[in-house]
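Novice:
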Amino acid sequence: MSKKIHSIRKSQLIFNSGPGAIVDLSDFSGIVTGLECWDLDKVERMERRTRRGFTYLFKPPTIRSGYGGIPNYPHGVVPIKRFPTWVQCSNPECNIFGQFWHVKSQRNEFKCQRCDNKLVPARLIRICKHGHISDFPWHQFYHDGGDICSFVEPKYRLVVSEQQSGSLNDLRLFCECNRHPEGKNLVEVYSFPAGKVCGRRNQPWIDDGDGPCTVPAIVVLRGASNVYFPMVLSELTIPSSESKYDKFFAQEFSREIHTLRGLTNLKIRHEVIHDLLKPEIVTQFGIEKEQLVLKIEEYLNDDSGSSIFKDEESIRREEFDVLSNPTIVTEDIVPKLFSANVVEVDSILQRAGIDKIVAISRLQEIRVLRGFLRADPKDGKMVDIGESVGGRYPAVEVNGEGLFISFNESQLNKWEKKTECHREM
Ligand SMILES: [Zn+2]
Ligand SMILES: [Zn+2]
Ligand SMILES: [Zn+2]
């Protein structure tokens, strides 16, 4: 088996070619495998805890795709599996069509066994809104729903008609059993009933797919935009007034926090916290012991829900508070990552409704690939890529700078009303 290494940029991994995405490589079309297939021992971990509660983030490996199960590369390896498995010969005189292990040449698995020309991936695949993906059922399609070909290993040809308009209507599928002497027109794939329910084990990006899926499957072009919607969560690395405590409770004090969570009697819990707080801990924070006890109790009450993720609105609210008032930041845990100054707003800008301008000379955003959706980004079910690997997710850091501008709310409200009046008139 030949071995191939390809390189895909890190940002591309996060946005368009994460686990479950289809990627076009020079010789074949493949699907990026799930994190359970990656060599996660070789990835570079990011030492941080995000406000959404991600505790294990890692940088996407640089050398990231191997076909043929290449075991060891310095930064880990991301295997890619062939997908779709159906391919066709690019030679118009040959037209062989089938699963690649049936039609590939012995010498080179990317070439046709009959004429040695390049094999190209089938144009059509199926997806469902639960994130599944599969080959189109070509055998059943040609044989009108049943698996009833007189040949055990039927050989197909996919022929383009004279018109060559590029549409599916030009394509006819033939099988050596000759059930359809004129060929089966590919435009019929959209009305083919056996292809309409998703089915089972339609997760080729992981080794063992899950049980039956009864939602409708849709037939799409392999490169269609609805095949993969990456779910990227973004947050700014901003110091908040609580960050020093959060960090301490979550990291150095985590064992104690775990024990305290088990105590349901609040009075006893209060006393236990008192006993745990040795003077050397209290002095680290420069506040009264009783205040620190309160902070811990707040933390316990706040973080005790089942969800480890802060909701979207509170994340944005925190960011807004820090960006609009950077001077409140006193306990900067990441001084190299955040730096901002308030700029004076002159009267002309104030009259125009601008309330505040903050010049940010250093800002970092962290983008985490949480999962992906297919078919329907609004109504679909997200595939959580880190669930099966203990909550580990690939992430990238993006450093930048910029201007933060906030508008005067009462002036904005007035303006909104004014335009509404205009509309009514
Ligand atoms: Zn061929
Ligand atoms: Zn047949
Ligand atoms: Zn499905």
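Heads up, the sequence shown is in this note's numbering, so the first residue is 7 and it goes up one at a time. All residues carry an ideal CB built from backbone N, CA and C; glycine is no exception.
1. Do you know offhand how far residue 352's Cα is from residue 317's?
2. Just reading off the beta strand (DSSP E) that residue 2 is part of, what are its end residues?
3. Please indicate yes or no: does the CB of residue 178 lie closer than 7 Å to some heavy atom of ligand 2?
4. Should residue 163 be counted as a contact of ligand 1 given a C-beta to heavy atom distance under 7 Å?
5. Buried or exposed: where does residue 376 fall if 16 or more other Cβ atoms within 10 Å of its Cβ makes it buried?
6. Beta carbon of residue 108: closer than 7 Å to some heavy atom of ligand 2?
7. What residue does the alpha helix (DSSP H) around residue 103 start on, and which one ends it?
8. Identify which residue in 359, 187 and 35 has its Cα closest to the Cα of residue 125.
9. Spatial neighbours of residue 88 within its chain, please: CB distance less than 7 Å, with the 5 preceding and 5 following residues excluded, ordered by chain position.
10. One question on the structure: do residue 408 and residue 399 come within less than 8 Å of each other, judged by their Cβ atoms?
11. Could you please give me the residues that DSSP links to residue 235 through a beta bridge?
12. For residue 139, which three-state DSSP category applies?
13. Pull up the distance between the alpha-carbon of residue 188 and that of residue 178, whole angstroms please.
14. Take residue 388 as the anchor and find which of 60, 238 and 217 has the nearest alpha-carbon.
15. Rounding to the nearest angstrom, what Cα-Cα distance links residue 275 and residue 293 in this structure?
16. Is DSSP giving residue 434 helix, strand or coil here?
17. Taking 7 Å as the cut-off, is the beta-carbon of residue 51 closer than that to any non-hydrogen atom of ligand 1?
18. Below 8 Å, can you find three or more Cβ-Cβ pairs linking the region 50 to 69 to the region 92 to 103?
19. Report yes if the CB atom of residue 371 is closer than 8 Å to the CB atom of residue 406, and no otherwise.
20. For a test of the three-state rule: what should DSSP assign to residue 366, helix, strand or coil?
21. Go ahead and label residue 173 buried or exposed: buried means 16 or more other beta carbons lie within 10 angstroms of its beta carbon, across all protein chains shown.
22. Quick check: the region 322 to 332 against the region 295 to 306, are there 3 or more CB pairs under 8 Å?
23. For ligand 3, enumerate in chain order all residues having a CB closer than 6 Å to any of its heavy atoms.
24. Excluding the five sequence neighbours on either side, which residues of its own chain have a C-beta within less than 6 Å of the C-beta of residue 417, listed in chain order?
25. Would you say residue 217 and residue 161 are within 8 Å of each other, going by their C-beta atoms?
26. Helix or strand or just coil, what does DSSP make of residue 64?
27. Which of helix, strand or coil does DSSP assign to residue 43?
28. Around the C-beta of residue 112, are 16 or more other C-beta atoms found within 10 angstroms, so that it is buried, or is it exposed?
29. Residues in the same chain with beta-carbon distance under 7 Å from residue 381, minus the five sequence neighbours each way, listed in chain order, please.
30. So who's on the other strand from residue 345, going by DSSP bridges?
31. Evaluate residue 322 with the Cβ neighbour count: other Cβ atoms within 10 Å of its Cβ, from every protein chain shown; 16 or more gives buried, anything less gives exposed.
32. By the three-class DSSP mapping on this structure, what secondary structure does residue 84 have?
33. Compare the Cα-Cα distances from residue 355 to each of 411, 212, 159 and 32 and report the closest residue.
34. Let me know the beta strand (DSSP E) ranges lying completely inside the region 379 to 417, each 3 residues or longer, listed in chain order.
35. Taking the C-alpha atoms as reference points, what is the distance between residue 171 and residue 128?
36. How would you label residue 429, buried or exposed, when you count the other beta carbons within 10 angstroms and need 16 or more for buried?
Specialist: For this structure:
1. The residue labelled residue 352 in the question sits at position 346 within the sequence shown. The residue labelled residue 317 in the question sits at position 311 within the sequence shown. Rounded to the nearest angstrom, the two C-alpha atoms are 36 Å apart.
2. Lying before the first or after the last residue shown, residue 2 is absent from the chain, which here runs from 7 to 431.
3. Start at 1 with the first residue of the sequence shown, and residue 178 comes out as number 172. No - ligand 2 has no heavy atom lying nearer than 7 Å to the Cβ of residue 178.
4. Here residue 163 refers to the residue found at position 157 of the sequence shown. It does not: the Cβ of residue 163 is nowhere closer than 7 Å to a heavy atom of ligand 1.
5. For this step, residue 376 is matched to residue 370 along the sequence shown. Under this definition residue 376 is a buried residue.
6. The residue labelled residue 108 in the question sits at position 102 within the sequence shown. Not so, every heavy atom of ligand 2 lies at least 7 Å from the Cβ.
7. For this step, residue 103 is matched to residue 97 along the sequence shown. Here residue 103 belongs to no alpha helix (DSSP H); instead the beta strand (DSSP E) covers 102 to 105.
8. Against the sequence shown, residue 125 aligns to sequence position 119. Minimum Cα distance to residue 125 is reached at 35.
9. Reading the sequence shown from its first residue, position 82 is the one you call residue 88. Excluding residues within five positions, the ones whose Cβ falls inside 7 Å are 34, 36 and 106.
10. Residue numbering aside, residue 408 sits at position 402 when the sequence shown is read from its first letter. Residue numbering aside, residue 399 sits at position 393 when the sequence shown is read from its first letter. Inclusion of residue 408 and residue 399 in the CB contact set at 8 Å is not warranted, their separation being larger than that value.
11. Here the question's residue 235 lines up with position 229 in the sequence shown. Under DSSP, the beta-bridge partners assigned to residue 235 are 379.
12. Numbered from its first residue, the sequence shown carries residue 139 at position 133. Strand at residue 139.
13. For the purposes of this step, residue 188 is identified with residue 182 of the sequence shown, where counting begins at 1. For the purposes of this step, residue 178 is identified with residue 172 of the sequence shown, where counting begins at 1. One alpha carbon belongs to residue 188, the other to residue 178, and they sit about 8 Å apart.
14. For the purposes of this step, residue 388 is taken as the residue at position 382 of the sequence shown. Nearest C-alpha to residue 388: 238.
15. Reading the sequence shown from its first residue, position 269 is the one you call residue 275. Reading the sequence shown from its first residue, position 287 is the one you call residue 293. Rounded to the nearest angstrom, the two C-alpha atoms are 20 Å apart.
16. With the chain covering 7 to 431 only, the question about residue 434 has no answer from this structure.
17. Residue 51 sits at position 45 when you count from the first residue of the sequence shown. Because no heavy atom of ligand 1 lies under 7 Å away, the Cβ of residue 51 does not count as near it: no.
18. Output reads no: the region 92 to 103 does not touch the region 50 to 69.
19. Within the sequence shown, residue 371 is the residue found at index 365, counting from 1. Within the sequence shown, residue 406 is the residue found at index 400, counting from 1. Contact: yes.
20. Mapped onto the sequence shown, residue 366 falls at position 360. Three-state DSSP puts residue 366 in a strand.
21. Working through the sequence shown from its first residue, we reach residue 173 at position 167. With fewer than 16 other Cβ atoms within 10 Å, it is exposed.
22. By the Cβ criterion, the region 322 to 332 is not in contact with the region 295 to 306, since fewer than three pairs of Cβ atoms, one from each stretch, lie closer than 8 Å.
23. Taking each Cβ in turn, the ones that pass are 134, 136, 138, 204, 208, 219 and 221.
24. In the sequence shown, the residue the question calls residue 417 occupies position 411. If we look at residue 417 and ignore the five residues flanking it on each side, its Cβ neighbours are 359.
25. For the purposes of this step, residue 217 is taken as residue 211 along the sequence shown, with counting starting at 1. For the purposes of this step, residue 161 is taken as residue 155 along the sequence shown, with counting starting at 1. Result no, Cβ atoms of residue 217 and residue 161 do not sit closer than 8 Å.
26. Working through the sequence shown from its first residue, we reach residue 64 at position 58. In the structure shown, residue 64 adopts extended strand secondary structure according to DSSP, grouped into three states.
27. One-based indexing of the sequence shown puts residue 43 at position 37. DSSP, reduced to helix, strand and coil, places residue 43 within a helical segment of the structure shown.
28. Here residue 112 is taken as the residue at index 106 of the sequence shown, counted from 1. Under the 10 Å beta carbon count, residue 112 is surrounded by fewer than 16 other beta carbons and is classified as exposed.
29. The residue given as residue 381 occupies position 375 in the sequence shown. Here the set comprises 133, 134, 135, 224 and 232.
30. Counting from 1 along the sequence shown, the entry for residue 345 is found at position 339. DSSP, once it has assigned bridges, lists 368 as partnering residue 345.
31. Sequence index remark: in the sequence shown, residue 322 carries index 316 (1-based). Classification for residue 322: exposed.
32. Against the sequence shown, residue 84 aligns to sequence position 78. Residue 84: coil per DSSP, three-state reduction.
33. Walking along the sequence shown from the start, residue 355 turns up at place 349. Each of 411, 212, 159 and 32 was checked against the Cα of residue 355, and the nearest Cα belongs to 411.
34. Secondary structure in the region 379 to 417: the beta strand (DSSP E) runs of 3 residues or longer, each lying completely within the stretch, are 398 to 413 in chain order.
35. The residue given as residue 171 occupies position 165 in the sequence shown. The residue given as residue 128 occupies position 122 in the sequence shown. Their Cα atoms are separated by approximately 18 Å.
36. Position 423 of the sequence shown holds residue 429. Because the pLDDT at residue 429 is just 47, under 50, the model does not fix this residue reliably, and the point stays unresolved.
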